[in-house]
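Peer 1: In the numbering used here, the protein residues as written are 5 to 294. Here it is, the structure in full.
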């Protein structure tokens, strides 16, 4: 140790884990696919919609007007970009069960972490369990993306529990990753893509066990041009476009649009998920599970 005072410019901590090494893109808000409507009794109930709803985070309320001016009142297509290509960062997925107080259990289909109510500690266990069968646990995907046509530098979050939407997005991301390599790019980062929502008809078992048809709205990823034109255009661009660091992506916040009964207190969030979401539960509801 030196006896003279030194000027320090970074907080590095032990092992390079100090404050100056931390990075996190701001979450500009959520893009929702549903809303609440009131019954004659005055109680609100969730309704899925076939368009995207902009719900800016606190401090970014001005983006609602920008969203409306650019995309209209009920857009079904949004131009988006991903700031990096790691799918576990731009589209993390997990089984999740919430209680009123917050996240209670989360898993991957093989193993899970469950909150012990007595010790308030997370305990490992097998997955799935009875909660998946009774419907209180569900598959959840959190899609993070940029809206390059809007002001601001940050990401938007869209939550879905639709198995069709999760399958669609995973499939297109894998195809795009292969195309990116063919075009001399390292990943899907910064590719100009389209996020769409559209109806499909599915068969759902009723209470009596019989199947009935129902129209639901699902997500998909697409491109504006033909595949040939898209590959030519993107291959002509620089293949060295930098990705952001994977540690810059924010953790998913509470999926309050999928779990309306959850208290938004961050008490029972995952260790790196302690940033309280500024969006309100009243603005509610994500894509249905079908």
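Where a beta carbon is used, it is the ideal one built from N, C-alpha and C, also for glycine. All of these numbers come straight from a predicted model, not from anything done at the bench.
Using only the alpha-carbon positions, how far apart do residue 47 and residue 36 sit?
Peer 2: Position 43 of the chain shown, counted from the first residue, corresponds to residue 47. Position 32 of the chain shown, counted from the first residue, corresponds to residue 36. Straight-line Cα distance between these residues: approximately 21 Å.
Peer 1: Hey, would you say residue 81 sits closer than 8 Å to residue 230, going by beta carbons?
Peer 2: Taking the first residue of the chain shown as 1, we reach residue 81 at position 77. Taking the first residue of the chain shown as 1, we reach residue 230 at position 226. No, the pair does not count as a contact, with Cβ atoms beyond the cut-off.
Peer 1: In the segment 201–243, which residue ranges form an unbroken beta strand (DSSP E) of at least 3 residues, counting only runs that do not cross its ends?
Peer 2: Whole beta strand (DSSP E) segments, 3+ residues: 215–226.
Peer 1: DSSP beta-bridge partners for residue 184?
Peer 2: Here residue 184 refers to the residue found at position 180 of the chain shown. In the DSSP output, where bridge partners are listed per residue, residue 184 has none listed.
Peer 1: Nearest-angstrom Cα distance between residue 22 and residue 167?
Peer 2: Residue mapping note: residue 22 aligns to position 18 of the chain shown, counting from 1. Residue mapping note: residue 167 aligns to position 163 of the chain shown, counting from 1. Answer to the nearest angstrom: the Cα atoms are 39 Å apart.
Peer 1: Tell me which residues share the same chain as residue 83 and place their Cβ nearer than 7 Å to its Cβ, disregarding the 5 neighbours each side in the sequence.
Peer 2: Along the chain shown, one-based indexing puts residue 83 at 79. If we look at residue 83 and ignore the five residues flanking it on each side, its Cβ neighbours are 152, 153, 196 and 198.
Peer 1: What three-state label does DSSP hand residue 68 in the structure shown?
Peer 2: Taking the first residue of the chain shown as 1, we reach residue 68 at position 64. Residue 68 falls in the helix class under three-state DSSP.
Peer 1: Put residue 253 into one of helix, strand or coil per three-state DSSP.
Peer 2: Taking the chain shown and counting its residues from 1, one reaches residue 253 at position 249. Residue state, collapsed to three classes: coil.
Peer 1: So residue 29 packs on residue 187, CB below 8 Å; how close in whole Å?
Peer 2: Within the chain shown, residue 29 is the residue found at index 25, counting from 1. Within the chain shown, residue 187 is the residue found at index 183, counting from 1. Actually they do not touch by this definition, with Cβ atoms about 25 Å apart.
Peer 1: Since I believe residue 156 is in contact with residue 67 (beta carbons under 8 Å), could you give me their beta-carbon distance rounded to a whole number of angstroms?
Peer 2: Position 63 of the chain shown, counted from the start, is the residue given in the question as residue 67. Position 152 of the chain shown, counted from the start, is the residue given in the question as residue 156. Sure, about 6 Å apart at Cβ, within 8 Å.
Peer 1: Are three or more beta carbon pairs between the segment 130–144 and the segment 93–104 nearer than 8 Å?
Peer 2: Yes: at least three Cβ pairs fall under 8 Å.
Peer 1: Rounding to the nearest angstrom, what Cα-Cα distance links residue 88 and residue 190 in this structure?
Peer 2: Taking the first residue of the chain shown as 1, we reach residue 88 at position 84. Taking the first residue of the chain shown as 1, we reach residue 190 at position 186. When rounded, the distance between both Cα atoms is 10 Å.
Peer 1: Where does residue 121 land, buried or exposed, given buried means 16+ other C-beta within 10 angstroms?
Peer 2: Here residue 121 corresponds to residue number 117 of the chain shown, with the count starting at 1. Label assigned to residue 121: exposed.
Peer 1: Measure the alpha-carbon distance for residue 209 versus residue 219 and round it to whole angstroms.
Peer 2: Mapped onto the chain shown, residue 209 falls at position 205. Mapped onto the chain shown, residue 219 falls at position 215. The alpha-carbon atoms of residue 209 and residue 219 are separated by roughly 14 Å.
Peer 1: Assign residue 226 to buried or exposed, taking buried as 16 or more other Cβ atoms, counted over all protein chains shown, within 10 Å of its Cβ.
Peer 2: Along the chain shown, read from residue 1 onward, the residue named residue 226 stands at position 222. Residue 226 should be labelled exposed.
Peer 1: Alpha carbon to alpha carbon, how far is residue 118 from residue 223?
Peer 2: For the purposes of this step, residue 118 is identified with residue 114 of the chain shown, where counting begins at 1. For the purposes of this step, residue 223 is identified with residue 219 of the chain shown, where counting begins at 1. So the alpha carbons of these two residues sit roughly 30 Å apart.
Peer 1: Comparing alpha-carbon positions, which option in 212, 217 and 213 lies nearest residue 205?
Peer 2: By 1-based counting over the chain shown, the position of residue 205 is 201. Here the closest residue by C-alpha is 217.
Peer 1: Within 10 Å of its beta-carbon, does residue 104 have 16 or more other beta-carbons around it, so buried, or fewer, so exposed?
Peer 2: Translated into the one-based positions of the chain shown, residue 104 becomes position 100. By the 10 Å Cβ count, residue 104 comes out exposed.
Peer 1: What does the alpha-carbon distance come out to for the pair residue 54 and residue 203?
Peer 2: What you label residue 54 is simply residue 50 of the chain shown in a count that begins at 1. What you label residue 203 is simply residue 199 of the chain shown in a count that begins at 1. Each residue's alpha carbon lies about 7 Å from the other.
Peer 1: Can you grab the Cα-Cα spacing for the pair residue 132 / residue 102, in whole Å?
Peer 2: On the chain shown, position 128 is the one that residue 132 refers to. On the chain shown, position 98 is the one that residue 102 refers to. One C-alpha to the other measures close to 15 Å.
Peer 1: Give the straight-line distance between the Cα atoms of residue 178 and residue 135, rounded to the nearest whole angstrom.
Peer 2: Along the chain shown, one-based indexing puts residue 178 at 174. Along the chain shown, one-based indexing puts residue 135 at 131. So the alpha carbons of these two residues sit roughly 30 Å apart.
Peer 1: Which word fits residue 162, buried or exposed, when buried means at least 16 other C-beta atoms lie within 10 angstroms of its C-beta?
Peer 2: The sequence position of residue 162 within the chain shown is 158, counting from 1. When all chains shown are included, residue 162 counts as buried.
Peer 1: In the structure shown, what three-state DSSP assignment does residue 170 receive?
Peer 2: Start at 1 with the first residue of the chain shown, and residue 170 comes out as number 166. Helix at residue 170.
Peer 1: Buried or exposed: which applies to residue 192, given that a residue is buried once 16 or more other Cβ atoms fall within 10 Å of its Cβ?
Peer 2: Indexing the chain shown from 1 puts residue 192 at position 188. Residue 192 comes out buried.
Peer 1: Leaving out five residues before and five after residue 272 in sequence, what residues of the same chain have Cβ atoms less than 8 Å from its Cβ?
Peer 2: Within the chain shown, numbered from 1, the residue matching residue 272 stands at position 268. At residue 272, the pLDDT of 42 sits below 50, so the modelled position is not reliable and the matter cannot be decided from this model.
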